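Just so you know, UniProt numbering puts 133 at position 133 of the sequence shown, and the rest follows in order with no gaps.
Every residue gets a Cβ at the ideal spot worked out from N, C-alpha and C, and that includes glycine.
The model shown is predicted, which means the values in this text are computed figures rather than measured ones.
Heads up, the thing below is written out as structure tokens.
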Amino acid sequence: MELASKYDPQSVESKWYQYWLDNKLFSSKPDGREPYTVVIPPPNVTGVLHMGHMLNNTIQDILVRKARMEGKNACWVPGTDHASIATEAKVVNKLAQEGVKKTDLTREQFLEHAWDWTREHGGIILKQLRRLGCSCDWDRTGFTMDEIRSKSVIKVFVDLYNKGYIYRGVRMVNWDPQAQTALSDEEVVYKDEHSKLYYLKYYVAQEDQSKVERKDEGNVMHRDANGYYAVVATTRPETIMGDSAMCINPEDVKNTWLKGLHVIVPLVDRVVPVIEDSYVDIQFGTGCLKVTPAHDINDHALGLKHGLETIDIFNDNGTLSEAAGLYVGQDRMVVRRQIAKDLQTAGLMEKVEDYDNKVGFSERTNVPIEPKLSTQWFLKMQHFADIALNPVMDDDIEFYPKKYKNTYRHWLENIKDWCISRQLWWGHRIPAYYFTTADGKKDVAVAETAEEALKLAQRKNATLALDDLTQDEDALDTWFSSWLWPISLFDGINHPDNEEINYYYPTADLVTGPDIIFFWVARMIMAGYEYKHAMPFKHVYFTGIVRDKLGRKMSKSLGNSPDPIALIEKYGADGVRMGMMLAAPAGNDILFDEALCEQGRNFNNKIWNAFRLVQGWNTAKMEQPVASKLAVEWFEAKLKEVNDEMQKQFKDYRISEALMTVYKLFWDEFSSWYLEMVKPAYVDGQAQPIDEGTYQATLRFFDALLKMLHPFMPFITEELWQHIYDRKDGESIMKATLIVDAPTAEERKLTEQFESVKQIVAGVRAVRNQKNIAPKETLELQALGENHFALFNPVIMKMANLSNISIISEKTADASSFMVGTDEFAVPVGDLIDVEAELEKAEKELKHLEGFLAGIKKKLANEKFVAHAPEAVVALERKKQSDSEEKIATLKQTIEELKKK
């Protein structure tokens, strides 16, 4: 069947993706083959495809398709994440637009809305991944809140609680006032902020004014009409309502006068003690620290150590509570601005300075986090850090690039307990049930079901019924479900010894971004060794961050992120995949330029047109020309050599380089050289037939090239592969094994020699170009002294359009010569030169050079430039001058000679 004149990606892509689905070509069942398992980093269930997804999933698909063609049982499991904070926020926003508040609903009513939202929007991103060509086993699609995954999460929570790793306690946590939930340390992003440093006056209490005395000469004392005062520098004046002490360093000479005194919190008029602790940085501000135990992790530690009162002045939404006494109900950021004015008006502000500091923001909502004392559930992490460190450090699990091993090690060696509870309704509800014991105490039972919890509770109070139990209101951190992903997707928690987990686990490759190395990668390793006593994956390939060509991270707010689906519609999925991969070295940021997708589309067209060219040849039973025989032998060797190189690149996860390697093989070697070498001639405007042997070899090469390209460009390669031979229904290139032997020493020598052959042809073509000799004009090639490449004369003659190649001892006067290695070749041009064209070309070049030289002379005549420019820059300009003068002299001589002809 003839191909269309133009490649239409839209019709081709939809046709073949449906064909793959109809024939279950992505599906996998355990069998006797070597498994190759990949689990998708689950995107948010209500998310849509962005450029990061495009990159990540293109790489996964390349690896999966390659493994499938190698005869492995490839299983790529897709799925989505319930994304507690993000999804709940979307549902809350949707309800708000309808005039409904979350607080107006029961938990069950809200969850109905959340499930409706998930059913409506969930799965969009998975459908979009199909447009990209992702060969996932869609029948295996998982969701972190489906029945199997939910049961797995609850079972693990109960198990870890029973092992003593999970506990509940009051701790200082990172609080997100917008989402109104606790966050783990890993969900806080620290950003450089241009802040203010406020210097506040804390007057010595009236009863202590008389006690003030100079302890030594180093004291820095402040006094005005209202008495003695200390100055405290803070970036957060809105928290002074929670102050319960002032702290100084006992070694701080300038503040020794404050020892044993009490001071008054400005505006608040609360009298608080001055305490001493070496924690205080003498060099920061004035060396006096306000202590707010409820709103700073370090202040909290000081409060516990010194027995200070803890005053929580913030509501969960970041407004000030009744406990603050001032600004009640106002947002903390509004209060910051207002209290600064009020302190100034009251004469309690010494000064304000600009100050650069790092501020923690919620990774989910991008609002400043608020340190908050809260009762939360925590997972002790030291045990997990201990079992997860060595496998990566010893390369049992290999990271690509290796540099992330140090990042991983540093986090594990400084591990903190994981706050796993979230104040949300959307998510896995914590399986903890509160009850009252027989002696009237509050207690908790942790179990997989309420019925099992009741049995535990009845051991302490036999009279209890189900209605007497109250389940914890909090949900688990989303990552507490996704850390089980490689196990739970094969139901390895609920049924630890089932056929699938035993066959598919551990998985082969994980492709992910380095930004979730702690959130997800490290925790999956921990869960893998805890529950399977084995690694969850063998290799981790870290992609870079997709940035625009100016180096800015792509984001909706900047408007610099293209719509991936629009790109696919414009350039085709294969073109976009290639565009992404051309700019995607492992671990380095990707500077994405849409021009790369255009390059990908152009390459598709190149492949298409090359196949149409071959398809249009007529064959005949005839003797194979020597040039064609040599071309076939050379390309056979080149194919083996390049395939061998690609295998090494894939082994090292240099996937971008592997694509460029096969790209060059097709574009440069196959299209520009091989096809030209074997292409049948035209006689009197009629295409001549090609011999059967060369034609079949060409189809065989096309078959191999399409297989090499298939993982990168699945659609066009399937379309063309189906055209090469008569295929049966259900056959696919994705199941076609590519068997290519490694090149022999003789074949490597052949490809090396052929590089010199190319240089000879290029040398002849350069002469044509220099002398304006048309390609149709037949030339003669002379080898001076000896021709080491005589074996390839038939190829050289065809490719350079030569009538003869002779060996001479001395070149003729009208010959233009060039070197290839140590061999010199000459092309007699004689009367073939178009003197007028040559003269016009030389005069044009002379004019350009004279203008260029004038510009350089003007620059060098500028005394300021010569005096102030770096020496190397001036030297470079002088070299440009001498080179230009030399070329001008040569050109003038050439022009004189041409005028004489």
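**Report entry** Residue of Leu738, Lys864, Val866, Gln881 minimising C-alpha distance to Gly851
**Finding:** Ranking the options by Cα distance to Gly851, first place goes to Gln881.
Report task. Report yes if the CB atom of Val795 is closer than 9 Å to the CB atom of Met54, and no otherwise. Result -> Not in contact: Val795 and Met54 (Cβ atoms no closer than 9 Å).
Query raised in the report: So, helix, strand or coil for Tyr138, using DSSP?
Result: The identity of residue 138 in the sequence shown is Trp, whereas the question assumes Tyr. Helix.
**Report entry** Proximity winner among Arg107, Thr141, Cys75, Asn73, relative to Pro42 (alpha-carbon distances)
**Finding:** Closest by C-alpha distance to Pro42, out of Arg107, Thr141, Cys75, Asn73, is Thr141.
Query raised in the report: Taking the continuous alpha helix (DSSP H) assigned at Gln253, which residues delimit it?
Result: Before going on, a small fix: residue 253 reads as Val here, not Gln. Judged by DSSP secondary structure, Val253 falls outside any alpha helix (DSSP H); it is assigned neither H nor E.
Report task. Check whether the Cβ atoms of Ile716 and Asp703 sit closer than 9 Å, and answer yes or no. Result -> If you check the CB distance, Ile716 and Asp703 do not come in under 9 Å.
Query - Beta-carbon spacing of Val827, Leu779 below 9 Å - result: Closer than 9 Å, so yes.
**Report entry** Integer Cβ distance of Met69 from Thr737, believed to fall under 8 Å
**Finding:** Sure, about 6 Å apart at Cβ, within 8 Å.
Report task. Could you tell me whether the Cβ atoms of residue 927 and Leu132 are closer together than 9 Å? Result -> In the structure displayed, the chain extends from 1 to 901; residue 927 sits before or after that span and is not available.
Requested in this report: May I ask which residues mark the beginning and end of the beta strand (DSSP E) holding Lys358?
Outcome: Where Lys358 is concerned, the enclosing beta strand (DSSP E) stretches over 349-362.
Query - Within 9 Å, strictly: CB atoms of Tyr541 and Ile415 - result: No, they are not a contact pair.
Query - Segment limits, beta strand (DSSP E) that includes Glu193 - result: The continuous beta strand (DSSP E) containing Glu193 extends over residues 188-204.
Query raised in the report: Between Gln770 and the rest of its own chain, which residues show a CB-CB distance below 8 Å, the 5 nearest in sequence each way excluded?
Result: Counting only Cβ-Cβ distances below 8 Å, and skipping sequence neighbours, we find Ser816.
Requested in this report: State buried or exposed for Gly303, treating a residue as buried only when at least 16 other CB atoms are found within 10 Å of its CB.
Outcome: If you draw a 10 Å sphere on the C-beta of Gly303, you find 16 or more other C-beta atoms in it, and that means buried.
Query raised in the report: Are Ala457 and Ala445 close, meaning C-beta to C-beta below 9 Å?
Result: A Cβ-Cβ contact shorter than 9 Å links Ala457 with Ala445.
Query raised in the report: If you count every other CB in all the chains shown that lies within 10 Å of the CB of Gln376, and 16 or more means buried, which is it?
Result: Looking at its Cβ environment, which holds 16 or more other Cβ atoms inside 10 Å, Gln376 is buried.
Requested in this report: Closer than 6 Å by C-beta to Ser628: which residues in its own chain qualify, once you throw out the five before and the five after it? Chain order, please.
Outcome: Close CB contacts of Ser628 within its chain, under the 6 Å cut and outside five residues either way in sequence, are with Val678, Thr694 (chain order).
Query raised in the report: Contact check, Gly227 vs Val253 under 8 Å by CB: the rounded distance?
Result: Actually they do not touch by this definition, with Cβ atoms about 22 Å apart.
Query - Three-state class that DSSP yields for Asn605 in the structure shown - result: If DSSP states are grouped into helix, strand and coil, Asn605 belongs with the helices.
Query raised in the report: Taking all protein chains shown into account, do 16 or more other C-beta atoms lie within 10 angstroms of the C-beta of Met713, making it buried, or fewer, making it exposed?
Result: It counts as buried.
Query raised in the report: When we look at the beta-carbon of Glu786 and count the other beta-carbons within 10 Å, is it buried (16 or more) or exposed?
Result: By the 10 Å Cβ count, Glu786 comes out exposed.
Report task. Using 10 angstroms around the beta-carbon of Leu466, count the other beta-carbons present and answer buried if the total reaches 16, otherwise exposed. Result -> Counting every other CB atom within 10 Å of its CB across the protein chains shown gives Leu466 a total below 16, marking it as exposed.
Query raised in the report: Where does Val232 fall in DSSP's three states?
Result: Here Val232 sits in strand by DSSP.
Query raised in the report: residue 953 bridges to which residues according to DSSP?
Result: Since the first residue shown for the chain is 1 and the last is 901, residue 953 is missing from the structure and cannot be characterised.
Query - Cut-off 6 Å between Cβ atoms - residues of its own chain near Asp472, not counting five sequence neighbours on either side - result: Correct list, in chain order: Ile430, Ala432.
Query raised in the report: Can we say the segment 375-394 touches the segment 339-352, given the rule of at least three CB pairs closer than 8 Å?
Result: Output reads no: the segment 339-352 does not touch the segment 375-394.
Requested in this report: Pick helix, strand or coil for Val539, following the three-state DSSP scheme.
Outcome: Before going further, note that residue 539 is His rather than Val in the sequence given. His539: strand per DSSP, three-state reduction.
Report task. Note down the Cα distance separating Leu596 from Leu582, rounded to an integer number of angstroms. Result -> Each residue's Cα considered, the two are about 7 Å apart.
**Report entry** Bridge partner(s) assigned by DSSP for Arg171
**Finding:** Per DSSP, Ser374.
Query raised in the report: Hey, is the segment 113-127 in contact with the segment 34-52, meaning 3+ C-beta pairs nearer than 8 Å?
Result: The segment 113-127 is in contact with the segment 34-52.
Query raised in the report: Which stretch, first to last residue, makes up the beta strand (DSSP E) that contains Asn73?
Result: Where Asn73 is concerned, the enclosing beta strand (DSSP E) stretches over 73-77.
Query - Contained beta strand (DSSP E) runs [length at least 3] in the segment 800-877, N- to C-terminal order - result: With a minimum length of 3 residues, the continuous beta strand (DSSP E) runs that stay inside the segment 800-877 are 802-808, 815-820, 823-828.
Report task. Use the C-beta contact count for Ala631: other C-beta atoms within 10 angstroms, 16 or more gives buried, fewer gives exposed. Result -> When all chains shown are included, Ala631 counts as buried.
Report task. Return the chain-ordered list of same chain residues with a C-beta closer than 8 Å to the C-beta of Leu846, the five sequence neighbours on each side being excluded. Result -> Correct list, in chain order: Ile888, Leu891, Lys892, Ile895.
Query raised in the report: Out of Ile420, Met51, Gly318, Arg523, which has the shortest C-alpha to C-alpha gap to Leu389?
Result: When C-alpha distances from Leu389 are compared across Ile420, Met51, Gly318, Arg523, the shortest belongs to Arg523.
Requested in this report: Give me the Cα-Cα distance between Tyr190 and Val359, rounded to the nearest whole angstrom.
Outcome: Rounded to whole angstroms, the separation of the alpha carbons of Val359 and Tyr190 is 5 Å.
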